[in-house]
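In the numbering used here, the protein residues as written are 558 to 1314.
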Amino acid sequence: MIVRVTLEIALRREFDYVVPEELRANVEVGTRVKVPFGSRQVLGVVTALPESSTRAQLRSILKVIGKQSQITPKVLQLARWIAGYYCCAVELAIKSVLPDAVRQEKDGWRERLFVRVQPGSRELPKLTRRQLDVWHVLEERREIALQELLEITGATAEVVRRIESHGLIEIAPRVSERDPYANETILPTLPLALNPEQSAALVRITKALNSAQPPAPGAAPSLGSAGRDPGDGAVFLLHGVTGSGKTEVYLQAIEHTLSQGRGAIVLVPEISLTPQTVERFKARFSQSRHQTLVAVLHSRLSSGERHDEWHKIRQGRARIVIGARSAIFAPVDPLGLVIVDEEHEHSYKQEETPRYHARDVAVVRGRMEGAVIVLGSATPSMESYANAKKGKYALLEMPTRVDDQKLPLVRVVDMRNEARKQKGPPIFSGQLKEAIHQRLEKKEQVMLFLNRRGYSTSLQCPKCGYVAGCPDCSISLTFHRAEGVLRCHICSHHTPAPTVCPEPRCKNPGIRYSGLGTEKVEDTLHKLFPTARVARMDSDTLQRKDDYRRVLGDFKTGKIDILVGTQMIAKGLHFPNVTLVGIVHADLSLHIPDFRASERTFQLLTQVSGRAGRGDVEGEVFVQAFTPFHPAIQYARKHDFQGFYDLELEYREQLQYPPFSRIALLTLEGRNEEKVAFAAEHLRKGVDACVAGWKGVILAGPAPAPLAKAETFYRYHVMIRSHQMPKLRARLAEYLAEQQWPDDVRVTVDIDPVNLS
Ligand code: ADP
Ligand code: ZN
């Protein structure tokens, strides 16, 4: 038996080995193996079982890793597509489809000692008082972890050993699964009666589920095309306003999928993977007719928890997976449905190699496995909405909130007037202050949003012009008052905050902190509303694993009146008593050099506004802005997605940005700026030559990237826009593979980038 193996060291090549007789039964495509390579031993994955090899003298594989093949052939095929589409080595793509915790050579199960009562009733021997106490617990529980038994009874292990010596019990190691949600009590829920909009959406999805068939084995789906065309699996774009009840539609679609004997993957952005969200899924399926485990995969799990969750899926015990980006690779088989909630979210894009976009991978996976894909959002991405308009995706609209709750009233406050009135940069307008005051009086809750952490965002000396910047990055340092430091938000470099100008020849005591962050908002609230209970939620305040749950729990139970936060509080949270939402500085996200700045601002404002008025009282939103008439702000005020989309589409067309083209962004990085600039020029010429004579290709750069230096590396960009991405991608991969770059210059390719900095 011969196997073809991709090694974990990225060599962009595969190697053949023979399988010794005794291992044959355990080897198939997708099995992970340990093989000799030169004088080393390395891990790899079996990608094929060829009849013969062109090489003579094959070496033997040494070992099979794991009891089950860890990569199903379907996921392997997906990994190959990723390598091709996103221009990366197959080895890296394969590596990224397995969580680290699963990829270890040693199997990662945790064994603990368990005490089990031996079957058969026997005469009870004479036991001491201590032993009897322990025995009574054992009689009731029959089986219990030794550690737990000792904790309950206060006995020592020696006491338990004595009982064992009487032959009453057995103490033995057993795999004990780590369950990240073990401490939650989750009450089961039943399907809700859907409103007409929800029913209409569900009917379309279940119809597609009924007709979607897995592609015939061996039939290779056409992967070369745009990468987003629906093939065998239908793709739906569910455009439903905040509070329209999208989740209930997901839940019932999953129910239908389970009834067909298939499984489902639910992707949600990492930050909205709250206990609240997870609970809604567990509550529905832990006891339903098609009862199954719900596995959860996200980065806040311990590696052991992730290992166990993953194996629950691989063993087929969990047929529903809910997770962040990488959950799209979960080995659910057969797969019937993939839901991508908040499909417009940028966190679906992985910002390191392989730079895949989980939403787009979901669409491709759906096509490969005949699964139905549902992309859901209140503010779909321009790309997805354009695909729906073109008929590539089927559009499902849910334009009203459940129970006809009104969308909140949004007021835009012109902060230029406030600046004049308050004679300085204002934090809260008079109107917002008054509104907070009134809501607090009525014992209602308030959420305030500002997408920037820290206290002040810059430090300047008005006398000598000094600005505190990071020595290693091209950005200014943020003042964090509680810690008394200036900190870089790229590399975390920090220094004590100075009280006089640090320029030796200046030493001016009148240094000025300016620019606003969440810490200062919180501080100002304490001053303005001394009796209100204020909490802040951003990555500075959430240090421990449980902080997130605790703060949200306190807010839910009314122990907090005002919650201040960054985008962490913008998504998916549902607090019926929140009647007022304030967006402190709405135009922050407009001032970034990115063609999606407007889109992002519109999405953020809509999401944040959606947190208000989800109970009986109508919600109210204050949007404070220095450019109050910007279309992104005005359309968000009117809850007019279509209006925004139409206008934005025109702008995209004029400039030939996506969805009218696709982008490949090339980044060059190195410590020597001249070398980077020189390599960038060379790269530009090379790309020019690659696409000479092609129609509809627009090249920009080389130019310093908006983030010109990060962690001591200078950064340059070359951007390519094209209508023929598959062709371009292939040509580019070829060209880059031929090139020799200077040792200290690194070139990376990002296909369909979302981060242009
Ligand atoms: P979305 O995800 O679209 O923002 P949710 O799914 O969170 O909206 O729904 C908002 C609220 O409405 C939730 O509390 C949900 O339980 C409730 N809900 C959804 N569908 C129905 C329904 N058909 N009848 C009653 N309540 C519903
Ligand atoms: Zn830095």
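Glycine included, each C-beta is placed from N, C-alpha and C at the ideal position.
Nothing here was measured: the structure is a model prediction, and the numbers come from that model.
Not one heavy atom of the ligand ZN is found less than 7 angstroms from the C-beta of residue 868. If you ignore the 5 residues before and after residue 1106, its C-beta comes within less than 6 angstroms of the C-beta of 832, all in its own chain and listed in chain order. Where residue 939 is concerned, the enclosing alpha helix (DSSP H) starts and stops at 939-946. Looking only at 1219, 929, 1253, 1257, the smallest Cα-Cα distance to residue 1237 is reached by 1257. Straight-line spacing of the CA atoms in residue 1031 and residue 817 works out to 55 angstroms. The bridge partners DSSP lists for residue 1276 are 1222, 1257. The beta strand (DSSP E) runs lying completely inside the stretch 938-1012 and spanning 3 residues or more are 951-955, 966-971, 1002-1006, given in chain order.
The C-alpha of residue 915 is placed about 11 angstroms away from the C-alpha of residue 898. Excluding its 5 nearest sequence neighbours in each direction, residue 1246 has no C-beta neighbour in its own chain below 6 angstroms. Per DSSP, reduced to three states, the secondary structure at residue 1160 is helical. Contact between residue 902 and residue 826 holds, with the beta-carbon distance rounding to 4 angstroms and staying under 8 angstroms.
Just so you know, the alpha carbons of residue 1286 and residue 643 end up roughly 8 angstroms apart. In the assembly as shown, residue 660 is a buried residue. Its beta-carbon has 16 or more other beta-carbons within 10 Å.
With a cutoff of 7 angstroms, residue 1037 does not count as near the ligand ZN, since its C-beta is closer than that to no heavy atom of the ligand. When DSSP states are grouped into helix, strand and coil, residue 1125 belongs to the helix group. In the pairwise beta carbon analysis, the stretch 1151-1163 is classified as touching the stretch 1181-1195: at least three pairs are separated by under 8 angstroms.
Straight-line measurement puts the Cα of residue 585 at about 43 angstroms from the Cα of residue 935. Residue pairing by DSSP places residue 914 opposite 906 in a beta bridge. In this structure, the straight-line span from the alpha carbon of residue 634 to that of residue 594 is close to 25 angstroms. The C-beta separation of residue 1204 from residue 1188 comes to about 6 angstroms, placing the pair in contact by the 8 angstroms criterion.
Ordered by chain, the residues meeting the criterion of a beta-carbon within less than 6 angstroms of a non-hydrogen atom of the ligand ZN are 1027, 1029, 1030, 1045, 1047, 1048, 1050.
By the Cβ-count criterion, residue 913 is buried, with 16 or more other Cβ atoms from all chains shown falling within 10 Å of its own Cβ. For residue 752, the distance from the CB to the nearest heavy atom of the ligand ADP is below 7 angstroms.
Secondary structure of residue 1073 (DSSP, three-state): coil. By alpha-carbon distance to residue 1303, the top candidate from 1290, 887, 1280, 1271 is 1271.
Per DSSP, the beta-bridge partners of residue 933 are 795, 898.
Residue 743 carries a coil assignment under DSSP once its states are collapsed to helix, strand and coil. Per the C-alpha coordinates, the member of 1277, 873, 763 positioned closest to residue 809 is 763. Across the structure, residue 1198 and residue 1277 are spaced so that their CA atoms are roughly 29 angstroms apart.
Look at residue 1282 here: in three-state DSSP terms it is helix. Closest in C-alpha terms to residue 1242, from the list 1182, 1293, 893, comes 1293. Not one heavy atom of the ligand ADP falls within 7 angstroms of the beta-carbon of residue 602.
Each residue's CA atom was taken as its position, placing residue 965 and residue 1118 some 19 angstroms apart. In this structure the stretch 1075-1094 does not touch the stretch 1041-1051; the number of beta carbon pairs closer than 8 angstroms is below three. Judged by DSSP secondary structure, residue 630 falls within the alpha helix (DSSP H) whose first and last residues are 630-642.
DSSP places residue 700 in the strand class (E or B) of the three-state scheme.
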